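Just so we're aligned, residue 891 is where the sequence shown starts under the working numbering, counting upward by one.
Quick reminder that beta carbons are idealized off the backbone N, C-alpha and C, glycines included.
As the structure is a computational prediction, the values presented were derived from the model and not from experiment.
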Amino acid sequence: MVLLGNINAELVNLIGKHGGKGIGLSGQDGMFLKARKKSPVKVQGKEPVDLGFVGEVEKVDPEILMIMAGKGYIPVISPIAVDDEGNNLNVNADTAAGAVAIAMRAKKFFSITDVEGVRMNPDDPTSVISEFLASDFNRMVQEGVIKGGMIPKVEACVRVVQGGVDRAHIIDGRKHHAVLLELLTTEGVGTMISGS
């Protein structure tokens, strides 16, 4: 449970060092992040494989998050959810963050990664697409513009926009002030996904 321990605590500590009030949480706390266990996955020509304690987010109860945010805390959420029996399930971090954004009725959603954004040519870091519509997602996957590990990240952003969040942004967390640059400059520094 590295996510619950080391990484979560490190992020909370960094928030504190910069004057914020971070608080480490997981979906177990108040059982606010509910999930169901993923079904076994079929592997080509083999028997289905049980993925173990891996789940899909089904529901977010934002009450505990609203209370924390209302008191000035910045929740740092580990992507550990619980099923109906109280078992811990690992869930995709992008999917969990997106579900939380929808439940909190966020205006913007940021997915922070280690690339500049979605690229027209995945091998060319200078080909970042500054914005596109959520409705373009399937076509971009079919054309090979969005592929590999970027698919679930963009898919989470599309779900967020379809769930009522105005915009989703994919930015490079290694770039200093990336969130501010994406928000406050005309051209931004990553990729913005919107519904219209």
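Contacts around residue i, its chain only, beta-carbon distance under 8 Å, and the 5 residues preceding and following it disregarded
i, result
"PRO1042", "ASN982, ASP984 and THR985"
"HIS1067", "none"
Cβ-Cβ distance between residue i and residue j below 8 Å
i, j, result
"ILE1061", "ILE1002", "yes"
"VAL1044", "GLY1085", "no"
"ASN925", "GLY942", "Per the sequence shown, residue 925 should be read as Ala rather than Asn. No, Cβ-Cβ distance for ALA925 and GLY942 is not below 8 Å."
"VAL939", "VAL947", "no"
"GLY1034", "THR1081", "no"
"GLU1072", "HIS1059", "yes"
"ASP1056", "LYS998", "yes"
"PHE1000", "ILE1083", "no"
"ALA971", "LEU901", "no"
Top-ranked residue by Cα proximity to residue i, from the options
i, options, result
"ALA996", "GLY1038, MET956 and GLY910", "MET956"
"ASN1028", "LYS1037, SER1020 and GLU1021", "LYS1037"
"ASN978", "THR1016, ASP1026, LYS927 and ASP1014", "LYS927"
"THR1087", "VAL1048, PHE922, SER1020 and VAL1035", "With the chain running from 891 to 1086 in the structure shown, residue 1087 is simply not present."
"PRO1100", "MET921, VAL1048, LYS936 and VAL1069", "No answer is possible for residue 1100: the residues shown for the chain start at 891 and end at 1086."
"ALA991", "SER929, SER1025, ARG1049 and LEU1070", "ARG1049"
"VAL1005", "LEU901, ILE897, ARG1064 and LEU1070", "ARG1064"
"GLY1053", "ALA987, GLY1039, GLY935 and SER916", "ALA987"
"ALA1046", "MET1030, ALA1024 and GLN1032", "ALA1024"
"SER916", "ASN980, PRO1012 and GLY960", "ASN980"
6 Å CB neighbourhood of residue i in its chain, flanking five on each side removed
i, result
"GLY976", "none"
"LYS907", "none"
- Item | Cβ pair count under 8 Å reaching 3, the stretch 911-918 against the stretch 961-975 | The count of Cβ pairs closer than 8 Å, one atom from the stretch 911-918 and one from the stretch 961-975, reaches three, so the stretches are in contact.
Exercise for the section: Would you mind listing the alpha helix (DSSP H) stretches within the stretch 893-948 that are 4+ residues and don't spill past its ends, in chain order? Expected result: 898-907
Where in the stretch 947-1035 do unbroken runs of the alpha helix (DSSP H), each at least 4 residues long, occur, reported from the N-terminal end onward?
Complete alpha helix (DSSP H) runs here, min 4: 953-960, 983-993 and 1027-1032.
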